[in-house]
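In this note's numbering, the protein residues as written are 2 to 330.
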């Protein structure tokens, strides 16, 4: 099929290659032309001005937007809506909020333009492994673009999820689950490393072993095997973890639907905590413990404060020499 891909970032670039290798005619557009030019080697045709899309694509024109979610995607779709004709198709492959999909669908419908939301998973490995794709929108339009989706996805790796927004909704929940899985692995490996056996445990080998027959085997574990092989202590990595929004939306959806999602919620909040160097709430708890129980206060230099304004006498305490109940051993 003929189509255009707009946005050649980490995923858009490799998606274009995968489509070209499967025989599609792909016209690429990027804000800077350097990446577009390199795709010529794979047979891509470069668009330097979005207005020329009308001239190079056959009707109904298919334009896949692979830009970051938010304002930049919104602006791009607005521009496309002024260029394209009735019956043309815009596919949004960003991690867009499903509520925005519904608004866009209605706006574009008034102009006669079709809109498809596509949740895409695969990251930088998608070129080799394929892109799991979750699609929402008019089913007849999905059937028309299905050859494109089929080329992008691995076997059994795509699905028509339902009406407008369904694709991005399923992808949103997918990402929430991903947060929980990652945090569970992270906590498990932290405990392994902190244990009395930790010094002699090869975390890369453990990841590999678990991926062969264990209940918790997964692709994420395969990636951990690679990461730990490079540096099992991860000493050059700062434990600062961003979130891209989908888990927040997932938690909000859980609240709106009265569904308990403690694991996803906790994993999201843990990411927030990773960005705080000196957490004020922790200071509040420490101060309260000192006030009601005379528990030790640790200054920023990690020394122990020996006096207390609280109820009891503060004992000299080492946090590593406490029993389960927090008492000195």
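Ideal Cβ placement from N, Cα and C applies to all residues, glycine included.
Residue 64 and residue 246 have their alpha carbons spaced roughly 25 Å apart.
Of the residues assessed, residue 192 falls on the exposed side of the cut-off, its CB having fewer than 16 other CB atoms within 10 angstroms. For residue 150, the CB contacts under 6 Å within the same chain, skipping 5 residues up- and downstream, are 134, 159 in chain order.
Bounds of any alpha helix (DSSP H) do not take in residue 9, whose DSSP letter is neither H nor E. Its Cα nearest to that of residue 240, the residue 276 stands out among 266, 276, 142. Under DSSP, the beta-bridge partners assigned to residue 133 are 122.
Taken atom to atom, the span from the alpha-carbon of residue 295 to that of residue 170 is near 50 Å. Boundaries of the alpha helix (DSSP H) harbouring residue 142: 140-153, taken from the DSSP string. Burial check for residue 24: the Cβ neighbour count within 10 Å stays below 16, so the residue is exposed.
Boundaries of the alpha helix (DSSP H) harbouring residue 57: 54-57, taken from the DSSP string. Rounded to whole angstroms, the separation of the alpha carbons of residue 34 and residue 16 is 17 Å. Membership of residue 184 in the alpha helix (DSSP H) is indicated by the continuous run 167-195. The C-alpha of residue 285 is placed about 12 Å away from the C-alpha of residue 279. Taking a contact to require three or more Cβ pairs closer than 8 Å, the stretch 118-137 and the stretch 90-103 qualify as touching.
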